[in-house]
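Have a look at the structure below, then the notes.
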Amino acid sequence: MVRHKFVSYDPDKCVGCRVCEYVCSLEKEKAFNPTLSRIRTLRIYPNTNASIACRLCEDAPCVIACPRKALEQSKENGVILVDDDKCDGCGWCIEACDFGTITLMPDRKTVVICDLCEGEPKCVKWCPEEALELSSKDIIAQKARIDAVQKLTKAAAEAKT
Amino acid sequence: MQAYTGKILHVDLADGKTKVKYFDEAFAKSYIGGTGFGIKTLIDNQPPGTDPFDPANPLIYAVGAVSGTMVPCAASKFGVFAKSPETNLLGEAYSTGRWGAELRMAGYDILVIKGKSEKPVYLWIDDESVQLMDACHLWGKYTWETEETIRKDLGDQYVRVSAIGPGGERLVRVACLINDRFRAAGRTGLGAVMGSKNLKAVAVRGTHSVSVAEPEKLQEMCEDLYERAKGPATSKYRDLGTPANVLTLNSQAAMPTRNYQSATFEGAETVSGEYLNEHYVVKIQGCSGCPMRCEHIAVVPEGQYKGATARVEYEPTMAFGPYCGVDRLDGVIKAIELCDLYGIDAISTGIIVGFGMECYEKGLIDDKQTGGLELEFGNHEAMVKMVEKIGLRQDVGDILAEGVKRAAEGIGQGSEEFAMHIKGLEMTGYDVRGLKTCALGYAVSRRGADHQRHGSYGPDLKGTVDRFKAEKGRGKIVMNDEDNYCIFDSMILCKFSRGIWKGYDEIASVYGVVTGIPMTGEELRMAGERMSNLARLYNIREGMTRKDDNLPPRVMKLPIPEGVAKGSLVTQEDLDILLDDYYETRGWTPQGVPKKKKLEELGLEEYAGITASRKKEEVR
């Protein structure tokens with residue numbers, strides 16, 4: 001699972017423009033509606049911005065919580081697959097998700113979860129700030145290490161001069 | 001038609017009744033949205049001659065044609081309209097953030113609020129459910145607290161709120177509406193209209209989808225538009241932000257300084273966009289559906305104003321910086337924050353404080369009236385405190401809260417000579433004495449002193465015309481700019497993104513792809529002209545004449561004392577040349593009244609009665 005890729009956001013780059021929600025709802029629901037988007041933005045004033053989609057948890061709590069076995073995690077790429085015939089929109093998975101990334105479709109009475117657009121997420125493509133990235137947890141950790149070491153090296157070099 | 005909801009929500013605060021009316025495709029095509037919808041709805045719903053604080057004065061919200069879609073920098077724009085308590089003419093202001101898209105997704109393109117509630121209430125629009133909610137616990141609260149409290153009360157973080165603060169409650173004539181924390185429908189005193197209705201806020205939550213006629217075609221067009229929105233055409237707004245204007249206009253001697261006593265400010269460096277970004281900006285964020293982002297959030301890190309937080313643009317920076325002779329951005333940021341909290345227009349409030357400073361220095365108001373404040377130019381502490389006094393109508397703040405026009409009438413003693421307003425609305429950040437095309441734009445602007453109805457400083461500052469000269473031809477420039485801006489304000493496209501658009505044809509094709517209503521560039525241009533003329537008709541109906549298309553006395557009598565524009569002013573002769581040319585180009589009489597032929601051409605015959613009521617020689 002550690003190598004499964006999901007849509008992650010960079011809090012420093014995200015500006016809360018909601019373009020991801022517009023393009024996601026258009027791609028998946030053929031209309032503009034942030035409340036139907038698989039990726040959801042949040043602004044906490046004054047200036048904290050976030051854009052959150054399914055993080056493909058290991059032993060995903062949503063799958064475990066579903067009383068109807070409507071959710072299944074793909075072994076191939078880790079996305080949570082929803083069986084629309086089994087799902088009746090009870091919402092236990094929504095409560096189980098720690099990140100608030102599961103959306104109930106009010107008309108269909110089923111839930112929807114980010115499916116990564118067959119490996120090429122539209123939100124990542126359209127994000128004007130390049131704040132979204134299709135990445136895996138180990139790569140994100142790698143980047144954090146590189147950043148930290150670069151900062152340290154720079155600080156050490158500055159301390160010498 | 002797609003994208004449009006076709007619905008107009010009418011709310012009567014007197015009895016709490018609501019009614020949904022509908023508009024058709026012909027209405028949509030003629031008036032597009034935003035400003036077109038707003039002006040049309042106002043002229044048709046407000047009885048002629050209504051006092052701005054009369055319950056019959058409707059407070060109107062309208063979203064743009066492409067609102068709630070991925071068209072760049074347009075999703076969340078909205079306009080607010082009413083008869084203005086400042087000008088007694090057309091009141092209009094625009095805002096953005098998130099509120100606009102929410103109204104459309106709740107299912108409405110236009111909201112008309114009439115009447116007056118007995119007790120403080122707020123309006124809660126939750127898709128089809130529309131309710132008046134008790135607002136006694138919100139009355140007296142700042143705008144930010146109001147927004148957060150409503151969200152908490154309703155238990156939904158995604159509720160969007162457009163609210164007034166203590167200023168609007170007290171009928172401060174420059175009161176505004178604040179939404180999404182940092183965004184304002186700022187000008188012409190619409191917050192006071194809301195306050196006069198005992199209405200504290202409009203809260204909206206929308207969950208309906210916005211469908212467009214040709215989604216794939218739109219995506220294709222947007223790919224290109226987004227690239228442009230991220231490119232050089234918008235870099236000014238993305239990088240330094242509009243405060244980049246401080247040094248530009250200062251070097252051009254076009255910086256309104258110390259209540260127009262000068263056009264250059266010696267302290268410009270420390271209130272510049274460069275200084276702001278280096279010392280105060282903590283984040284640049286974006287509105288809903290914006291691929292460029294411009295919202296420069298500034299926080300004061302230390303000192304007496306530590307923690308003050310504001311979204312900083314050029315205009316308020318000018319108003320609380322050079323205009324008040326203040327060269328400290330921490331004081332400027334604090335003053336803007338207070339304006340947002342009290343819900344008063346930061347441009348007008350700064351101009352008013354500057355006016356108050358000159359009154360104080362000339363001995364026209366004394367320490368007793370200022371509550372002991374030494375209200376001198378450059379005194380940032382007195383400036384900050386005076387903002388609060390205006391918001392609360394304390395001491396001389398009660399007189400100043402009436403706006404500079406009425407304040408000068410109250411203070412008298414010749415202060416009218418330096419009361420910087422047009423039609424009752426305070427001046428904005430371009431010293432038009434050395435910008436003659438822009439001066440015409442200001443003089444004829446339908447909402448009073450304003451750069452946002454025309455943007456005609458462009459040709460002056462770019463040097464495409466001789467900015468010191470009044471001559472024939474400027475009328476056409478201003479007319480074209482005005483009609484073009486009508487289209488931006490009706491689609492509604494952010495004006496910061498205007499550089500990415502290739503003209504009417506391109507905007508018309510986006511309009512067609514979104515709405516499914518066929519539109520040509522020429523039809524769109526004509527719609528803009530229609531809006532300009534309808535606004536003029538509204539203002540004529542409410543009593544304006546050629547005499548109101550004027551400039552403040554100081555612009556016409558006191559030459560710019562120094563800098564590259566030294567010696568410039570606009571004489572009466574200059575103004576007459578400009579006005580005659582503008583009226584003629586517009587197809588109006590020498591008195592500025594649209595001729596019958598023009599009304600027929602634009603499909604506005606039904607309003608011919610307004611022009612007929614004017615003396616025969618005026619309409620000939």
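Taken in sequence, the protein lines are chains A and B.
Sequential numbering of the first sequence, starting at 1, is according to our numbering.
Sequential numbering of the second sequence, starting at 1, is according to our numbering.
The beta carbon of each residue, even a glycine, is placed where N, CA and C say it ideally should be.
Comparing C-alpha distances from B:Asp327 to each of B:Gly372, B:Asn379, B:Ile344 and B:Arg293 shows the shortest one belongs to B:Asn379. Counting the other Cβ atoms within 10 Å of the Cβ of B:Ser129 gives fewer than 16, which makes it exposed. Judged by DSSP secondary structure, B:Trp144 falls within the alpha helix (DSSP H) whose first and last residues are Thr143 to Leu154.
Just so you know, the alpha carbons of B:Gly64 and B:Val80 end up roughly 11 Å apart. In this structure, B:Leu375 places its C-beta atom within 8 Å of the C-beta atom of B:Ala382. As the crow flies, the alpha-carbon of B:Tyr430 is around 19 Å from that of B:Glu417. For A:Asp98, the closest of A:Leu132, A:Asp59, A:Cys90 and A:Lys109 by C-alpha to C-alpha distance is A:Asp59. With respect to chain B, the C-beta atom of A:Asn77 has no partner C-beta closer than 8 Å.
Against chain B, the beta carbon of A:Gly16 has neighbours under 7 Å at Gln285 and Gly286, listed in chain order. For B:Ser211, the neighbours in chain A by C-beta distance under 8 Å run, in chain order, Lys30, Ala31 and Phe32.
In this structure the region 47–61 of chain B does not touch the region 506–524 of chain B; the number of beta carbon pairs closer than 8 Å is below three. The beta carbon of A:Pro11 sits no closer than 8 Å to any beta carbon of chain B.
Below the 7 Å Cβ cutoff, chain B contributes Thr207 as neighbours of A:Thr35, in chain order. At a C-beta separation below 7 Å, B:Arg181 has these neighbours in chain A: Tyr45 and Pro46. Counting C-beta pairs closer than 8 Å gives three or more between the region 162–172 of chain B and the region 340–348 of chain B, which meets the contact rule. Under a 10 Å Cβ-count criterion, B:Tyr22 is classified as exposed, with fewer than 16 other Cβ atoms of the shown protein chains found around its own Cβ. Between A:Glu95 and A:Gly16, the alpha-carbon positions lie close to 24 Å from each other. The C-beta separation of B:Met386 from B:Pro552 comes to about 21 Å, leaving the pair out of contact by the 8 Å criterion. With contacts defined by Cβ atoms closer than 8 Å, B:Tyr4 and B:Asp109 form a contacting pair. B:Thr87 and A:Pro46 have their C-alpha atoms some 33 Å from each other.
With 16 or more other Cβ atoms inside 10 Å of its own Cβ, A:Val7 counts as buried. Judged by pairs of C-beta atoms under 8 Å, the region 224–231 of chain B touches the region 280–293 of chain B, as three or more such pairs exist. Segment contact: the region 558–576 of chain B against the region 234–254 of chain B, three or more CB-CB distances shorter than 8 Å; contact assigned.
For the region 116–130 of chain A, the residues whose beta carbon sits under 8 Å from a beta carbon of chain B are, in order, Trp126, Pro128 and Glu129. A straight line joining the alpha-carbon of B:Thr317 with that of B:Tyr323 spans about 9 Å. For B:Gly165, the closest Cβ of chain A is not nearer than 8 Å. Within chain A, Cys17 have C-beta atoms less than 7 Å from the C-beta of B:Cys290, given in sequence order.
With a threshold of 16 other beta carbon atoms within 10 Å, B:Val71 meets it and is buried.
In the DSSP assignment, A:Ile94 falls within the unbroken alpha helix (DSSP H) covering Trp92 to Ala96. Rounded to the nearest whole angstrom, the CA to CA distance from B:Arg205 to B:Met479 is 38 Å. Annotation for B:Asp156: Arg205 place their beta carbon closer than 8 Å to its own, counting only its chain and skipping 5 residues before and after. The beta carbon of B:His296 is closer than 6 Å to those of Gly241, Val281, Ile284 and Val312 in its chain, skipping five residues each way along the sequence. Secondary structure remark: continuous beta strand (DSSP E) runs of at least 3 residues inside the region 34–86 of chain B, in chain order: 59–63 and 78–83. The residues Ala56, in chain order, have a CB closer than 7 Å to that of B:Pro47 in the same chain once the five nearest residues on each side in sequence are set aside.
Contact annotation for A:Val23 against chain B: Met70 [CB-CB distance below 7 Å, chain order]. Beta-bridge pairing by DSSP links B:Lys283 to B:Ile297.
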